[in-house]
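Visitor:
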Amino acid sequence: MNKLILLVVVTLISTSMLSSQTIVPPSGRIAVVADGNSPDPDDLGGTAVTLALLRATGLTDRLVHYSHSCDLVVLHRISEAAERERHAMMQTTCDGTARRWGGFEHITFLDAKWQTDETIKDLCKAINASTAKDPLWIVEAGEPDIIGFALQATPKEKHKFVKVITHHPANDNAGDFYTWQDILDFGIEEVRIPDQNINLKVEESKWDWAKNYNDDRLQFVWLMGKMAEIDDVVKFQKGKWDCSDAGMILYWITGANKNYGLKQGTVKDVKSLLLNYILKHPKTTK
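Heads up: the sequence shown is residues -19 to -1, 1 to 267, going by mature numbering (1 follows the signal peptide of the UniProt record, and there is no 0).
#1: Measure the Cβ-Cβ separation of Val55 and Glu66 and say whether it is below 8 Å.
#2: Out of Gly246, Asp176, Ser19, Ala227, point me to the one whose CA is closest to Ile119's CA.
#3: Alpha carbons only, please: which of Glu210, Leu117, Trp190 is nearest the one belonging to Ser253?
#4: Apart from the five residues on each side of it in sequence, which residues of its chain come closer than 6 Å, Cβ to Cβ, to Ile169?
#5: For Ala134 and Trp82, which I take to be in contact (beta-carbon distance under 8 Å), what is that distance rounded to the nearest angstrom?
#6: Counting along the chain, where does the alpha helix (DSSP H) carrying Leu44 start and finish?
#7: Relative to the alpha-carbon of Gly84, which residue among Thr41, Thr112, Ala62, Asp92 has its alpha-carbon at the smallest distance?
#8: Count the other CB atoms within 10 Å of the CB of Glu121; is the residue buried (16 or more) or exposed (fewer)?
#9: Name the two residues that bound the continuous beta strand (DSSP E) containing Ile119.
#10: Using only alpha-carbon positions, find the residue among Ile128, Asp92, Asp21 that is nearest to Trp161.
#11: Is the beta carbon of Leu117 closer than 8 Å to that of Ser48?
#12: Which first and last residues belong to the beta strand (DSSP E) in which Trp188 is found?
#13: Per the DSSP calculation, Ile259 is bridged to which residue(s)?
#14: I want to know whether the region 177 to 188 touches the region 4 to 14 - three or more CB-CB distances under 8 Å.
#15: Going by C-alpha to C-alpha distance, which of Leu231, Leu199, Pro150, Lys221 sits closest to Leu256?
#16: What do you get for Gly206, buried or exposed, if any count of 16 or more other CB atoms within 10 angstroms of its CB means buried?
#17: Please state if the CB of Ile59 and the CB of Val214 are separated by a distance shorter than 8 Å.
#18: Take the Cβ of Trp95 as the centre, count every other Cβ of all protein chains shown within 10 Å, and call the residue buried at 16 or more, exposed below.
#19: Are the CB atoms of Ile259 and Asp157 nearer to each other than 8 Å?
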């Protein structure tokens, strides 16, 4: 009887949580190009949430490329030591989130600056596999240069099957080798949504639910965002928990290019999807 009651409660909670989102990703595959080695550390939280959302919605198999540290020409505002630290933190965020949540065994998380040729080749492979029925959606979560190099190295006839999701001009206009207009000139489809910082760069306390939840998958996601908050290179993350780039994944998994894609996702939306998965997939203690 107790088990039956628990099952009913979990079902009701899950139904309530999913009421605001419909998981209807468009056809095709997804690729993510993030930075995080630049002076802005928000990609730590953004990467952790992005990967957790893909796992929570059963879409990890649609991820075909993930690279980080795509700021290829480092600014003088960050020291050499801090730069090395950022690369290590971004790799830890990728590998640590993937291991804890599972489902990413087919993906190698690449460092775009330190593994530039391999990163470009990997993204080229995803572009070359694209068709009208199986397009590639590239999430621009950093500078556009890696995307530009990959487009430059692939056949033009494939570019009409490539869609690039962007949410902020700061990324579009930060390239050292390609402008945003250069990217558009390749013939890709621009998918622009509003600035995701509005609802996803929030007061740190709005993520206490993850910090205090008795599950290391959620606690690890929270910890990655906290690492950005205590960053000692920039000041604009102080007191904030920022997963703004993950808003592009939230948009994609809830429809993209359709009227019901979440163009302005919130922490509540992220919480609902992640907790729904955690409740249905409790972690067993070894």
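The beta-carbon is built from N, C-alpha and C at its ideal position, and this holds for glycine as well.
Guide: The structure says:
#1: One-based indexing of the sequence shown puts residue 55 at position 74. One-based indexing of the sequence shown puts residue 66 at position 85. Going by C-beta atoms, Val55 is not nearer than 8 Å to Glu66.
#2: As a first step, residue 119 must be located in the sequence shown, where it is residue number 138. For Ile119, the nearest C-alpha among the options comes from Ala227.
#3: The residue labelled residue 253 in the question sits at position 272 within the sequence shown. When each option's Cα is compared against that of Ser253, the closest is Trp190.
#4: One-based indexing of the sequence shown puts residue 169 at position 188. Result list for Ile169: His140, Val143, Val145, in chain order.
#5: By one-based count along the sequence shown, residue 134 stands at place 153. By one-based count along the sequence shown, residue 82 stands at place 101. Actually they are not in contact, since the Cβ atoms of Ala134 and Trp82 sit about 32 Å apart, beyond 8 Å.
#6: Stepping through the sequence shown from its first residue, residue 44 is reached at position 63. Segment 44 to 49 is the beta strand (DSSP E) holding Leu44; no alpha helix (DSSP H) there.
#7: Locating residue 84 in the sequence shown gives position 103, counting from the first residue. Of Thr41, Thr112, Ala62, Asp92, the residue nearest in Cα terms is Thr41.
#8: Position 140 of the sequence shown holds residue 121. Its Cβ being crowded by 16 or more others within 10 Å, Glu121 is buried.
#9: Stepping through the sequence shown from its first residue, residue 119 is reached at position 138. Note, Ile119: beta strand (DSSP E), 117 to 122.
#10: Position 180 of the sequence shown, counted from the first residue, corresponds to residue 161. Ranking Ile128, Asp92, Asp21 by Cα distance to Trp161 puts Ile128 first.
#11: Your numbering for residue 48 matches position 67 in the sequence shown. Your numbering for residue 117 matches position 136 in the sequence shown. Result no, Cβ atoms of Ser48 and Leu117 do not sit closer than 8 Å.
#12: Stepping through the sequence shown from its first residue, residue 188 is reached at position 207. Looking at the DSSP string, Trp188 is not in any beta strand (DSSP E), and its letter there is neither H nor E.
#13: Walking along the sequence shown from the start, residue 259 turns up at place 278. In the DSSP output, where bridge partners are listed per residue, Ile259 has none listed.
#14: Too few Cβ pairs lie closer than 8 Å, so no.
#15: As a first step, residue 256 must be located in the sequence shown, where it is residue number 275. It is Leu199 whose Cα lies nearest to the Cα of Leu256.
#16: Within the sequence shown, numbered from 1, the residue matching residue 206 stands at position 225. The residue in question, Gly206, is buried, as its Cβ has 16 or more Cβ neighbours within 10 Å.
#17: In the sequence shown, the residue the question calls residue 214 occupies position 233. In the sequence shown, the residue the question calls residue 59 occupies position 78. Their beta carbons are under 8 Å apart, which means Val214 touches Ile59 by this criterion.
#18: Position 114 of the sequence shown, counted from the start, is the residue given in the question as residue 95. By the neighbour-count rule (16 or more Cβ atoms within 10 Å), Trp95 is not buried but exposed.
#19: Locating residue 259 in the sequence shown gives position 278, counting from the first residue. Locating residue 157 in the sequence shown gives position 176, counting from the first residue. No. Outside cutoff.
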